[in-house]
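Residue numbers (the numbering used here), protein chains in the order written: chain D, 1 to 241; chain F, 242 to 482.
There are 2 protein chains.
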Amino acid sequence: MAANDGASAREIREALKHQYFVDGMSDAQRSRLVRGMTIQPFAAGQTLFHRGDIADTFFLVLAGRVKLYRLSIDGDEKIMGLVGSGESFGEGVLFMSTPRYPVSAQALEKSRIVAINRTEYLAELQYSFQTCMSVMCKLTARIERLLDEVESLTLRDSRYRVVNYLLELIPEPADGPVRLSLPTSKSAIAGRLAIRAETFSRTLRQLAENGTIVLCGGRTIEVPNPKLLRHALRTKSAQAS
Amino acid sequence: MAANDGASAREIREALKHQYFVDGMSDAQRSRLVRGMTIQPFAAGQTLFHRGDIADTFFLVLAGRVKLYRLSIDGDEKIMGLVGSGESFGEGVLFMSTPRYPVSAQALEKSRIVAINRTEYLAELQYSFQTCMSVMCKLTARIERLLDEVESLTLRDSRYRVVNYLLELIPEPADGPVRLSLPTSKSAIAGRLAIRAETFSRTLRQLAENGTIVLCGGRTIEVPNPKLLRHALRTKSAQAS
DNA sequence: GTAACACATTGACCCAGATCAAGGCCTGTC
DNA sequence: GACAGGCCTTGATCTGGGTCAATGTGTTAC
Numbered sequence: 001m002a003a004n005d006g007a008s009a010r011e012i013r014e015a016l017k018h019q020y021f022v023d024g025m026s027d028a029q030r031s032r033l034v035r036g037m038t039i040q041p042f043a044a045g046q047t048l049f050h051r052g053d054i055a056d057t058f059f060l061v062l063a064g065r066v067k068l069y070r071l072s073i074d075g076d077e078k079i080m081g082l083v084g085s086g087e088s089f090g091e092g093v094l095f096m097s098t099p100r101y102p103v104s105a106q107a108l109e110k111s112r113i114v115a116i117n118r119t120e121y122l123a124e125l126q127y128s129f130q131t132c133m134s135v136m137c138k139l140t141a142r143i144e145r146l147l148d149e150v151e152s153l154t155l156r157d158s159r160y161r162v163v164n165y166l167l168e169l170i171p172e173p174a175d176g177p178v179r180l181s182l183p184t185s186k187s188a189i190a191g192r193l194a195i196r197a198e199t200f201s202r203t204l205r206q207l208a209e210n211g212t213i214v215l216c217g218g219r220t221i222e223v224p225n226p227k228l229l230r231h232a233l234r235t236k237s238a239q240a241s
Numbered sequence: 242m243a244a245n246d247g248a249s250a251r252e253i254r255e256a257l258k259h260q261y262f263v264d265g266m267s268d269a270q271r272s273r274l275v276r277g278m279t280i281q282p283f284a285a286g287q288t289l290f291h292r293g294d295i296a297d298t299f300f301l302v303l304a305g306r307v308k309l310y311r312l313s314i315d316g317d318e319k320i321m322g323l324v325g326s327g328e329s330f331g332e333g334v335l336f337m338s339t340p341r342y343p344v345s346a347q348a349l350e351k352s353r354i355v356a357i358n359r360t361e362y363l364a365e366l367q368y369s370f371q372t373c374m375s376v377m378c379k380l381t382a383r384i385e386r387l388l389d390e391v392e393s394l395t396l397r398d399s400r401y402r403v404v405n406y407l408l409e410l411i412p413e414p415a416d417g418p419v420r421l422s423l424p425t426s427k428s429a430i431a432g433r434l435a436i437r438a439e440t441f442s443r444t445l446r447q448l449a450e451n452g453t454i455v456l457c458g459g460r461t462i463e464v465p466n467p468k469l470l471r472h473a474l475r476t477k478s479a480q481a482s
């Protein structure tokens, strides 16, 4: 079904509102884009595309969660990204001469996702320098994040990565006690942090043992003192008092 | 000294010719850019900038070699990039709201480098959609390279990274014997590959022992059969016959 | 309620690559 | 040519995190 009639068009239009990749586009441009879009439902575990597939679309998640990953020869998986509602992925293929997805993508939960046609999008992009700037900003930000990731993989240990991840989940300069819930399964998070589920579990336990965090069971974790957690970034694995 | 008079202006103009970031710009635009540029000499070991410095320029290397790196708290170094003549770096800062270099940069050899003013460049950029496309292509390519790096840091072992690096040094689909020379010191390359100099040395020795490469002393390495080396990517560390 | 399954935890052991410690080998300087 | 100061190599040992295996703990299905 085409999405350009009825409720789904409105939903897409709404979701697009705050997307960097249409920032600065006119209403007319947005309308032309929406006309070609469809909302696709995905079941938990369903694959969107494989690394190396020819790519003529990129994606915007309306609801659910998607994992982006690469596999080693012997089936080992590294999660390159976890994408939730309101976020987009696969924009990289817009600017490749032979567009192929550089990662595989799989829905982790039941999800609703909009596919955006590469050619149609590029046709609109060329009329808006502001949008180009917005896109270049985003690409640059992604490069910075990847630099951070390379750094944390090479100069930091697994404990740092776990603590850093938890800190990213804390909303803002919150300094009081925070209760947070992991956005997805612990094994997926471990994959994202390039450690095994076992190591993730042990690291959380260790943090809990010296009082930096409190494990509340399930996906819920309490941080009594974010400052202490932030300090744990600078600390070596040896436990503080 | 300003570069826009005499030989250096001509040299800059020549070097710019094949740079992606002026691709599609008019002669007038290029001239305006060159007017503000200067060639800066750097001695071996001299620092260009530190991570976190406020950034109002990015750079083009005319001659020499620059290392881009990050440091851990205890002085450990990860080389994020090695940049040689004809290559540019630091473009990321163009699109940051508060532009700061995300890495530190140091000349490895005596170098001649052009600094390009961020504001002046951005002023020209907005008149050329083609240049924007070229820039976005480049940023995307950088993201892909970083994804590859993350993959090789997490899903591959040190041997893979060494072999892969050597393969990148081989000019083209050369299938005959190739003699290549490492572009910089072995310890710097090791840093780039996120391994210790000791491990790099041992890995090269191991490759030499099973005949995949021949160590000719110094920075020279011979690859009798590139195909064999390419095959070594797929092989586990156990040595082949 | 309970069966079944997926995820999570815990313990015991292992290994690639780091670390530490000598030497060896260039390259430039006087 | 001999001395000094960088690299680079080689060997011995250590260790963070992986692997394997067993056990716990939800959660969905009926």
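The beta-carbon is built from N, C-alpha and C at its ideal position, and this holds for glycine as well.
(request) Examine chain D for any beta-carbon lying closer than 8 Å to the beta-carbon of C378(F), and answer yes or no. (result) yes
(message) For A194(D), would you say it is in contact with chain F, using Cβ-to-Cβ distances shorter than 8 Å as the test?
(response) yes
(request) Name, in chain order, the residues that DSSP records as bridge partners for E463(F). (result) R420(F) and V455(F)
(request) Under 7 Å between beta-carbons, which chain D residues line up against T395(F)? List them in chain order, please. (result) K78, L153 and A194
(message) Can you tell me which residues form a DSSP beta bridge with F309(F)?
(response) Position check: residue 309(F) holds Leu in this sequence, whereas Phe was assumed. Residue pairing by DSSP places L309(F) opposite G322(F) and A346(F) in a beta bridge.
(request) In angstroms with no decimal places, state the Cα-to-Cα distance between E450(F) and L410(F). (result) 20 Å
(message) Once DSSP output is grouped into helix, strand and coil, what is the label at I143(D)?
(response) Three-state result, I143(D): helix.
(message) Strictly by DSSP, which residues pair up with S111(D)?
(response) F42(D)
(message) Quick check on L387(F) - is its C-beta less than 8 Å from some C-beta in chain D?
(response) Interface annotation, L387(F): in contact with chain D, CB-CB separation under 8 Å.
(request) Return helix, strand or coil for T476(F), following the three-state DSSP convention. (result) Of the three classes helix, strand and coil, the one that applies to T476(F) here is coil, per DSSP.
(request) Report yes or no: do three or more beta-carbon pairs, one from the segment 394 to 409 of chain F and one from the segment 444 to 458 of chain F, lie closer than 8 Å? (result) yes
(request) Evaluate Q347(F) with the Cβ neighbour count: other Cβ atoms within 10 Å of its Cβ, from every protein chain shown; 16 or more gives buried, anything less gives exposed. (result) Buried: at least 16 other Cβ atoms inside 10 Å.
(message) Pairs of beta-carbons, one from the segment 416 to 435 of chain F and one from the segment 362 to 379 of chain F, closer than 8 Å: are there three or more?
(response) no
(message) Against chain D, does R311(F) count as a neighbour if the rule is that its beta carbon must be under 8 Å from one of theirs?
(response) yes
(request) Whole angstroms is fine: what's the gap from A304(F)'s alpha carbon to I295(F)'s? (result) Each residue's alpha carbon lies about 25 Å from the other.
(request) Can you tell me which of the three DSSP states R341(F) falls into? (result) strand
(message) Going by beta-carbon coordinates alone, are M337(F) and T140(D) separated by less than 8 Å?
(response) yes
(message) Determine, for R32(D), whether the minimum Cβ-Cβ distance to residues of chain F falls below 8 Å.
(response) Chain F contact via Cβ: absent.
(message) If I measure Cβ to Cβ from G84(D) and keep anything under 7 Å in the same chain, skipping five residues before and after, which residues do I get?
(response) V61, R65 and P183
(request) Could you name the residues of the same chain whose beta carbon sits closer than 7 Å to that of A415(F), not counting the 5 residues immediately before and after it, in chain order? (result) P467
(request) Classify E413(F) as buried or exposed, calling it buried when 16 or more other Cβ atoms lie within 10 Å of its own Cβ. (result) exposed
(message) For a cutoff of 8 Å on Cβ pairs, would you count V103(D) as touching chain F?
(response) yes
(request) For I79(D), I'd like the list of residues in its chain whose CB is within less than 8 Å of its CB, leaving aside the five on either flank, ordered along the chain. (result) Counting only Cβ-Cβ distances below 8 Å, and skipping sequence neighbours, we find K67, L68, Y69, A188, G191 and R192.
(request) Within its chain, find whatever has a CB closer than 6 Å to the CB of G293(F); leave out the 5 residues flanking it on each side and keep chain order. (result) So the list reads R341, once near-sequence residues are dropped.
(request) With 8 Å as the threshold, decide whether the Cβ of V324(F) is near any Cβ in chain D. (result) no
(request) Return no unless some Cβ of chain D is closer than 8 Å to the Cβ of E440(F). (result) Just to set this straight, residue 440(F) is Thr in the shown sequence, not Glu. No - not a single Cβ of chain D is within 8 Å of the one on T440(F).
(request) Report the three-state DSSP secondary structure of A208(D) (helix, strand or coil). (result) helix
(message) Tell me which residues share the same chain as R353(F) and place their Cβ nearer than 7 Å to its Cβ, disregarding the 5 neighbours each side in the sequence.
(response) If we look at R353(F) and ignore the five residues flanking it on each side, its Cβ neighbours are I280, P282, L303, A304 and G305.
(request) Put I430(F) into one of helix, strand or coil per three-state DSSP. (result) helix
(message) Please return the same chain residues whose Cβ sits closer than 6 Å to the Cβ of A473(F), not counting the five positions on each side in sequence.
(response) V404 and T453
(request) Going by CA-CA distance only, name the one from M37(D), F21(D), A7(D) and L71(D) that's closest to D389(F). (result) L71(D)
(message) Can you find the residues in the same chain that come closer than 7 Å, C-beta to C-beta, to S393(F), ignoring five residues on each side of it along the sequence?
(response) Y401, R402 and N405
(request) Mind listing the chain F neighbours of F129(D)? Cutoff is C-beta to C-beta under 8 Å, in chain order. (result) Q367, F370 and C373
(request) Go ahead and label T154(D) buried or exposed: buried means 16 or more other beta carbons lie within 10 angstroms of its beta carbon, across all protein chains shown. (result) buried
(request) Note down the Cα distance separating E11(D) from F441(F), rounded to an integer number of angstroms. (result) 54 Å
(request) Using only alpha-carbon positions, find the residue among P465(F), S249(F), T298(F) and D398(F) that is nearest to E332(F). (result) Of the listed residues, the one whose Cα sits closest to E332(F) is T298(F).
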